[in-house]
Amino acid sequence: MPAVSKGDGMRGLAVFISDIRNCKSKEAEIKRINKELANIRSKFKGDKALDGYSKKKYVCKLLFIFLLGHDIDFGHMEAVNLLSSNRYTEKQIGYLFISVLVNSNSELIRLINNAVKNDLASRNPTFMGLALHCIANVGSREMAEAFAGEIPKILVAGDTMDSVKQSAALCLLRLYRTSPDLVPMGDWTSRVVHLLNDQHLIVTSASTDLQDYTYYFVPAPWLSVKLLRLLQCYPPPDPAVRGRLTECLETILNKAQEPPKSKKVQHSNAKNAALFEAISLVIHHDSEPNLLVRACNQLGQFLQHRETNLRYLALESMCTLASSEFSHEAVKTHIETVTNALKTERDVSVRQRAVDLLYAMCDRSNAQQIVAEMLSYLETADYSIREEIVLKVAVLAEKYAVDYTWYVDTILGLIRVAGDFVSEEVWYRVIQIVVNRDDAQGYAAKTVFEALQAPACHENLVKVGGYVLGEFGNLIAGDPRSSPLIQFNLLHSKFHLCSVPTRALLLSTYIKFVNLFPEVKGTIQDVLRSDSQLRNADVELQQRAVEYLRLSTVASTDILATVLEEMPPFPERESSILAKLKRKKGPSTVTDLEEAKRDRGADVNGGPEPAPASASAASTPSPSADLLGLGAAPPVPAGPPPSSGGLLVDVFSDSPSAVAPLAPGSEDNFARFVCKNNGVLFENQLLQIGLKSEFRQNLGRMFIFYGNKTSTQFLSFTPTLVCSDGLQANILVLRTQPVGPTVDGGAQVQQAVNIECLSDFAEAPVLSVQFRYGGTFQNVSVKLPITLNKFFQPTEMASQDFFQRWKQLSSPQQEVQSIFRAKHPMDTEVTKAKIIGFGSALLEDVDPNPANFVGAGIIHTKTSQIGCLLRLEPNLQAQVKPLEETAKYTPVVVLCCCFGLGFFGLFRATAAASGGPQARGRIGATAAGLHHSHNHARSEPRL
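Residue numbers (our numbering): -5 to 937.
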């Protein structure tokens, strides 16, 4: 770093900081700061140009004021100007200010990028280091787009200094973590790997001879950790190399068992760092039983270590070991130590890892013991982890239930102990299992009835009791202690203490009782007829009371029996509880590892899952069916549910329905997004769906915003992307982030979708949004505007090149033309905007006829790049003013029809491209649709 000259002390800054520190009160500090801000503002706006030293001093003062917690709304341009200085201290302050105060959305980001680009090209190692540090500190996607291609060149250049290489490597790592799709690692990986052979310490993190560098008697611990971590990015090596690697890992495990050579904490930290990374590599390979068992035994020694961090790391590593078939039994031997940690551990994060380990080591031999320990701990557990423990207990109780009486008792105990943390997924799931298991229905009805007799019952227990007694209360009605009237009075005693959704459920239970128990019909009708129901302020409750009362009055016994018949079994699919646990824990957790490596295909009782022979077999599960659906994809509904199903089916069923027809008007909204990326895609009185997207080459990122326009919460909110057979995974890849199951009234949630175009396509995926509003199931489907032109990159061409290329593409398969009439006057600026919005470059002064429009671009897919030329020829003299459109290109033609909307004149558009036979083969079909699209143009020039 250059030496700081004597004049760089900035005495004015030191005086200002001293004044701030000497302030006796907050008011005095604010007064002094406001005075200084006014002075700085006047200096920046003054007629006299400031020298670099003054700018640096004032920018430093602004930075100090910002760090004190005050807003700064000026001075950014002066900081950017400092970047062009040739003095290190001035440039350093400019970069420091930008790294702290300037965000990625700033209007100055382009000027900043230009200054950074100049410093990277200067080959001055000091300036290059400052620029690289700024890129890494900001780390925005805009920075990645601007410099992701330049930094690898600096990293592998032979004349780059070692200190700059280190900065470039760290900067590239930062950009790769924030925007992996923009960093071209595939082209540079092999050259970057050679940096491991660099002779300089700061590039390879070690010197040439490892034994010459030790840290508290541990040879090169940082390099060892980095290399062990690097090996975890690759699959197990071939047998010859694997033997040498196994020998190294055994040496590390043996060294960890040796007595410590120093009592310093640095020695144990370095040794344990290498040990835990070696164990992680053993777990990653998962192929050496002896090493896995040894690793488990050594981790077990840390479970009672006095150092909290070591206990945490040991529990975390053992969670992963528990998913291996080789070490699972060894992990189970530590069950007593882990359960003791739940009761005695002070650190909540360590207790949470203990819960994770109990969940991971659970199997049929110890399920009841582990579930009992979790339930016992749940009563005193921290509120931050109670919901996760509830989900884990519910999953384990269902998965390893040999006796379903134990399962029912466990879930009811769960509701009793932590009812506020029992989500809808949990009590939905217990209802599904009870309905699907004939042997559990009678016991469930009896147990729920007894639980409801407690003076204080959680509302979730009332929900379960209402549903179970409404369906299976007749199984216990023969006992005088649980007669129909007693069941009804017990439920109705809880009615006024419950929320509106639960009251709606209980009203449905009452009408079920009318069918099951005619002797209580009069009592139930009196309740439904009361003013508190018929004149209820809630529309849902009022409507149910009116309709149920009318149904019980006019319907015959046969009609009631048909309408209110018992619920059919639910379709078998993946447990919604397990799905929620995965969303809560995130990807690549022990849940996913366990599912992938253990109990694959095992049913709830441990037997193999039979393959369904037909659709009917799926709807009527066998007693050994896998209620979790592990290892099997959820079935696709074969058709709509029978119309004679029970009235409660829409209240309780959270199974996904078939995709609904496209919402009215959605096609028009879809067309508007062909030439734009942001806006409202769909809106009705309940829901608004907005989009914000960006595309680069064959990659795209889309944010979908779901807005609840009502004051009522959306429940079971499930957005799903549905791709037709024409959009299989080898054509268009969509990766979505999950969203929560509820959307509060007036709130908005966001879902990110990463898009990768592998090959050309003509269809668009469908977004299906399902949720419950006021007890009613809602299903909205709209086409998601992911079209081929979104991967269109504009290309500039000269007039000569354009027409030369145009003439070369003379094959009939490479051209499509359409002549049509437009219904509205042609606006030149609107036409240009649509062409640019479509994705192609608007080529000015290319066509000899100035009234024509010419465009060019390239469609980017992962497998090919397809050039496209376009001409629009309006005939403004023709009275009928038809438009002719000619296009030479690949399947992108299907979208070119959008140009003609709202034009009035003769329009000729030709797009030319060199694509494969498959791509060119679609041109005829798409050209046939152009004329139809334009003849039915709307009354407004809208897309």
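Virtual Cβ for every residue (Gly too), placed ideally from N, Cα, C.
This structure is a prediction, so every number in the text was calculated from the model and none was measured.
Proximity of residue i and residue j at Cβ, strictly below 7 Å
i      : j      : result
His279 : Pro230 : yes
Tyr210 : Ser256 : yes
Phe443 : Ser477 : no
Ala324 : Val287 : yes
Val420 : Ala450 : no
Phe428 : Val384 : Residue identity differs from the one stated: residue 428 is Val in this sequence, not Phe. Not a contact, by the Cβ cut-off of 7 Å.
Leu761 : Leu782 : no
Val747 : Val763 : no
Leu680 : Tyr542 : no
Ala845 : Leu837 : no
Leu693 : Asp175 : yes
Leu56  : Gly69  : yes
Ala498 : Glu534 : yes
Leu336 : Arg345 : yes
Cys54  : Leu7   : yes
Nearest neighbour of residue i, chosen from the options [CA to CA]
i      : options                           : result
Glu252 : Arg236, Glu241 and Leu269         : Leu269
Leu484 : Val494, Lys457, Asn509 and Ser493 : Lys457
Thr374 : Glu301, Leu752, Asp153 and Thr338 : Thr338
Ala109 : Ile129, Leu95 and Ser161          : Ile129
Gly294 : Met312, Thr302, Glu301 and Arg300 : Met312
Ala354 : Thr331, Asn869 and His322         : His322
Gln772 : Arg345, Asn430, Ala8 and Asn678   : Asn678
Gly459 : Gln363, Glu513 and Val402         : Val402
Ile683 : Ala827, Asn672 and Phe699         : Phe699
Ile725 : Asn97, Pro759, Ala439 and Ala741  : Pro759
Phe482 : Asp662, Val494 and Gly467         : Gly467
Residue span of the alpha helix (DSSP H) that contains residue i, given as start and end
i      : result
Asn284 : Pro283 to Phe296
Ile956 : Given that the chain is displayed from residue -5 to residue 937, the structure contains no residue 956 and the question cannot be resolved.
Cys751 : Looking at the DSSP string, Cys751 is not in any alpha helix (DSSP H); the run it does join, the beta strand (DSSP E), is Gln742 to Cys751.
Ser526 : Asp525 to Leu528
Cys54  : Gly46 to Leu61
Gln794 : Ser793 to Gln802
Ser378 : Tyr377 to Lys393
Glu367 : Ala361 to Leu372
Tyr422 : Glu418 to Asn430
Glu823 : Thr822 to Phe832
Backbone CA spacing between residue i and residue j [nearest angstrom]
i      : j      : result
Ser378 : Arg340 : 15 Å
Gln811 : Pro788 : 22 Å
Leu752 : Leu463 : 53 Å
Ile405 : Pro563 : 20 Å
Thr736 : Leu275 : 40 Å
Gln798 : Ile780 : 32 Å
Thr314 : Phe697 : 33 Å
Met368 : Ala308 : 20 Å
Leu554 : Glu310 : 56 Å
Gly625 : Ser343 : Summary for Gly625: the model assigns pLDDT 33, below 50, so the residue's position carries little reliability, and this model does not support an answer.
Asp13  : Asp67  : 22 Å
Asn266 : Ala250 : 7 Å
Lys515 : Cys492 : 23 Å
Ala471 : Ala412 : 30 Å
Ser618 : Gln426 : Caution is warranted here: a pLDDT of 29 is assigned to Ser618, below 50, making its placement in the model unreliable, and the coordinate value is therefore given only provisionally. If you take the alpha carbons of Ser618 and Gln426, they lie about 15 Å apart.
Leu500 : Glu101 : 58 Å
Val674 : Ala361 : 50 Å
Ser370 : Val349 : 12 Å
Val840 : Leu866 : 12 Å
Gly831 : Phe755 : 19 Å
Leu656 : Phe676 : 11 Å
Host beta strand (DSSP E) of residue i (start-end)
i      : result
Ser710 : Leu709 to Val716
Arg729 : Leu726 to Thr730
Arg690 : Leu681 to Arg690
Met312 : It is not in any beta strand (DSSP E) - Met312 instead sits in the alpha helix (DSSP H) that spans Thr302 to Leu315.
His854 : Phe847 to His854
Ile27  : Here Ile27 belongs to no beta strand (DSSP E); instead the alpha helix (DSSP H) covers Lys20 to Lys39.
Asn671 : From DSSP, Asn671 is part of no beta strand (DSSP E); its letter is neither H nor E.
Supposed contact pair residue j and residue i - C-beta distance, whole angstroms, cut 8 Å
i      : j      : result
Gln707 : Asp738 : 5 Å
Ile11  : Phe58  : 7 Å
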